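Chemist:
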Amino acid sequence: MAAKVKPWRCCVGGGGRKMGKEAVGLVVLATMVVMSSAGFDFGGSNGLSMQYYVMNCPLADQIVKGTVNAALQADPTLAASLVRMHFHDCFIQGCDASVLLDSTKDNTAEKDSPGNLSLRGYEVIDDAKDKLEQQCPGVVSCADIVAMAARDAVFFAGGPVYEIPKGRKDGKRSKIEDTINLPSPFLNASELIRTFGQRGFSAQEMVALSGAHTLGVARCSSFNSRLSNPDPTMMDTNFATSLSKTCAAGDKAEQPFDMTRNTFDNLYYNTLSRKTGLLFSDQTLYSNPKTRNVVNGYAFNQAMFFLDFQQAMVKMGRLDVKEGSQGEVRQNCRKLN
13 MAAKVKPWRC CVGGGGRKMG KEAVGLVVLA TMVVMSSAGF DFGGSNGLSM
63 QYYVMNCPLA DQIVKGTVNA ALQADPTLAA SLVRMHFHDC FIQGCDASVL
113 LDSTKDNTAE KDSPGNLSLR GYEVIDDAKD KLEQQCPGVV SCADIVAMAA
163 RDAVFFAGGP VYEIPKGRKD GKRSKIEDTI NLPSPFLNAS ELIRTFGQRG
213 FSAQEMVALS GAHTLGVARC SSFNSRLSNP DPTMMDTNFA TSLSKTCAAG
263 DKAEQPFDMT RNTFDNLYYN TLSRKTGLLF SDQTLYSNPK TRNVVNGYAF
313 NQAMFFLDFQ QAMVKMGRLD VKEGSQGEVR QNCRKLN
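Just so you know, we're using the numbering used here here: the sequence shown kicks off at 13 and counts up by one.
1) Who are the near neighbours of Cys107 in its chain, counting only those whose CB is closer than 8 Å to its CB and skipping five residues on each side?
2) Using a threshold of 7 Å, state whether the C-beta atoms of Ala201 and Thr283 are closer than that.
3) Could you give the first and the last residue of the continuous alpha helix (DSSP H) run that contains Arg304?
4) Assuming the contact rule is C-beta atoms closer than 8 Å, Leu291 and Pro197 should be a hit. Round their C-beta distance to whole Å, please.
5) Would you decide whether Ala42 is buried or exposed? Buried here means 16 or more other CB atoms lie within 10 Å of its CB.
6) For Arg342 and Gln63, I'd like the C-alpha separation in whole angstroms.
7) Which of the three DSSP states is assigned to Val76 in this structure?
8) By a C-beta neighbour count over all protein chains shown, 10 Å radius and 16 as the cutoff for buried, is Lys287 buried or exposed?
9) Starting from the C-beta of Ser153, find all residues in its chain whose C-beta is less than 6 Å away, skip the five residues before and the five after it, and write them out in chain order.
10) Around the C-beta of Thr191, are 16 or more other C-beta atoms found within 10 angstroms, so that it is buried, or is it exposed?
11) Measure the CB-CB distance between Phe318 and Pro172 and report whether it falls below 7 Å.
12) Cα-Cα, which of Ser130, Cys69 and Asn236 is closest to Arg96?
13) Helix or strand or just coil, what does DSSP make of Glu203?
14) Note down the Cα distance separating Ala215 from Ala311, rounded to an integer number of angstroms.
15) Taking the alpha-carbon positions, what's the Gly309 to Ser293 distance?
16) Pull the bridge partners of Asp124 from the DSSP assignment, please.
17) Could you check the C-alpha separation between Thr275 and Val111 for me, to the nearest Å?
18) Does the distance between the C-beta of Ile205 and the nearest non-hydrogen atom of the ligand MN fall short of 6 Å?
19) Determine the extent of the beta strand (DSSP E) in which Glu266 is found, giving its start and end residues.
20) For Glu335 and Lys178, what's the separation of their Cα atoms in angstroms?
21) Out of Asn349, Gly289 and Gly212, point me to the one whose CA is closest to Thr249's CA.
22) Can you grab the Cα-Cα spacing for the pair Gln338 / Thr303, in whole Å?
23) Quick check for students: name the residue ranges of the beta strand (DSSP E) that lie wholly in the region 174-240, counting only runs of 3 or more.
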């Protein structure tokens with residue numbers, strides 16, 4: 013697992029101090045010198061950029077990372093939640109923090125759909141946003157915070173380190189009916205290939221992104237339909253018996269996807285080869301010849317999985333992003349300005 017670090021405390025309300033203008037200026041200058049020497053282009057653009065905040069909020073990454081690390085030190089299970097939140101945000105209306113908006117008397121938002129009721133970690137995003145608003149008000153979008161938090165959660169849990177471009181704006185639409193487009197745990201491999209393909213992903217990228225299930229748990233309501241008459245070609249008999257005992261406690265009972273629920277590794281793919289994939293949508297990746305070889309490759313080579321996963325995550329983070337006047341930078345991630 014990645015080394016745990018103490019949370020960054022430059023601007024925790026009541027416990028720290030804002031960095032002075034002179035110090036911020038020095039940070040900006042030093043960062044620009046280093047990045048320029050590395051060949052980074054600082055040309056103006058309204059699109060996403062690795063150095064989007066280098067001038068107006070140079071400590072944005074450190075603030076988010078410190079907030080996420082502190083939260084995960086207290087509760088490592090939140091790593092899975094933050095990664096899942098990013099998925100559920102990007103697949104609906106693009107990566108625009110629409111999943112964070114609260115429902116109002118006139119609108120039921122995405123977060124209150126059945127597929128999102130188990131999402132956790134909203135308070136981590138709120139905490140990071142509060143600190144960023146203290147340091148650089150009105151600059152860093154909630155959409156970028158969600159993407160950065162997922163990136164930092166993956167690394168904290170022992171996964172690959174990767175950088176993401178920034179500059180997303182926060183969307184102004186969040187409707188429960190849109191969540192019908194979330195991939196269901198009951199889809200087979202062909203349906204998953206088609207669903208992800210509609211969002212621009214190859215079958216290989218879909219399998220790589222599915223590897224996020226190396227973190228976390230699923231509720232029995234997501235897989236207990238597999239237990240009434242288990243298919244021995246899709247589920248190990250002893251595993252089915254064990255799951256039945258777990259789910260005797262009810263639909264809300266939980267089962268880890270693999271034995272290392274808080275560690276980002278390739279064990280998820282090894283479970284599929286043993287017919288102990290938890291969800292139907294997991295195990296179907298091994299039963300379908302179009303995806304089985306990819307599963308076997310990742311089960312054998314964790315480094316290859318890490319590389320493909322980080323590339324697919326960066327690609328997912330670019331889905332239908334809002335730029336310029338298409339969106340806004342919310343002052344509060346839970347409501348529109």
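Virtual Cβ for every residue (Gly too), placed ideally from N, Cα, C. It should be emphasised that the depicted structure is a prediction, and the values quoted were computed from it without experimental measurement.
Modeler: Reading from the atomic positions:
1) In the sequence shown, residue 107 corresponds to position 95, counting from 1. Excluding positions up to five away in sequence, the list reads His98, Asp101, Ala155, Val158, Ala159, Arg180, Met328, Gly329, Arg330, Leu331, Asp332 and Val333.
2) Taking the sequence shown and counting its residues from 1, one reaches residue 201 at position 189. Taking the sequence shown and counting its residues from 1, one reaches residue 283 at position 271. It is not a contact, given that the beta carbons lie outside the stated cut-off.
3) Against the sequence shown, residue 304 aligns to sequence position 292. Per DSSP, Arg304 belongs to the alpha helix (DSSP H) from Pro301 to Phe312.
4) The sequence position of residue 291 within the sequence shown is 279, counting from 1. The sequence position of residue 197 within the sequence shown is 185, counting from 1. With 8 Å as the limit, Leu291 and Pro197 qualify as a contact, their Cβ atoms being about 4 Å apart.
5) By one-based count along the sequence shown, residue 42 stands at place 30. Low local confidence applies: a pLDDT of 45 at Ala42 is under 50, so the model's placement there is unreliable, with the coordinate-based value given in what follows. Counting Cβ neighbours within 10 Å, Ala42 comes out exposed, since fewer than 16 surround it.
6) For the purposes of this step, residue 342 is identified with residue 330 of the sequence shown, where counting begins at 1. For the purposes of this step, residue 63 is identified with residue 51 of the sequence shown, where counting begins at 1. Using only the alpha carbons, I get a separation of about 20 Å.
7) What you label residue 76 is simply residue 64 of the sequence shown in a count that begins at 1. Helix.
8) Here residue 287 refers to the residue found at position 275 when the sequence shown is read from its first residue. That one is buried.
9) Here the question's residue 153 lines up with position 141 in the sequence shown. Result list for Ser153: Arg180, Lys181, Asp182 and Val341, in chain order.
10) Position 179 of the sequence shown, counted from the start, is the residue given in the question as residue 191. Flag for Thr191 reads buried.
11) Against the sequence shown, residue 318 aligns to sequence position 306. Against the sequence shown, residue 172 aligns to sequence position 160. For Phe318 and Pro172, yes; Cβs fall inside 7 Å.
12) By one-based count along the sequence shown, residue 96 stands at place 84. Cα-wise, what sits closest to Arg96 is Ser130.
13) For the purposes of this step, residue 203 is taken as residue 191 along the sequence shown, with counting starting at 1. Helix at Glu203.
14) Along the sequence shown, read from residue 1 onward, the residue named residue 215 stands at position 203. Along the sequence shown, read from residue 1 onward, the residue named residue 311 stands at position 299. Answer to the nearest angstrom: the Cα atoms are 16 Å apart.
15) The residue you call residue 309 lines up with position 297 of the sequence shown. The residue you call residue 293 lines up with position 281 of the sequence shown. The alpha-carbon atoms of Gly309 and Ser293 are separated by roughly 18 Å.
16) As a first step, residue 124 is located in the sequence shown; it is residue number 112 there, counting from the start. Partner(s): none; Asp124 has no beta bridge.
17) Here residue 275 refers to the residue found at position 263 when the sequence shown is read from its first residue. Here residue 111 refers to the residue found at position 99 when the sequence shown is read from its first residue. One C-alpha to the other measures close to 25 Å.
18) The ligand content of the structure shown is nil, which means the ligand MN is not present either.
19) One-based indexing of the sequence shown puts residue 266 at position 254. Glu266 -> beta strand (DSSP E) spans Glu266 to Pro268.
20) As a working mapping, residue 335 is identified with position 323 in the sequence shown. As a working mapping, residue 178 is identified with position 166 in the sequence shown. Each residue's Cα considered, the two are about 11 Å apart.
21) As a working mapping, residue 249 is identified with position 237 in the sequence shown. Selected option, being the one with the closest Cα: Gly289.
22) The residue you call residue 338 lines up with position 326 of the sequence shown. The residue you call residue 303 lines up with position 291 of the sequence shown. Looking at the two C-alpha atoms, the distance is approximately 37 Å.
23) Runs found: 229-231.
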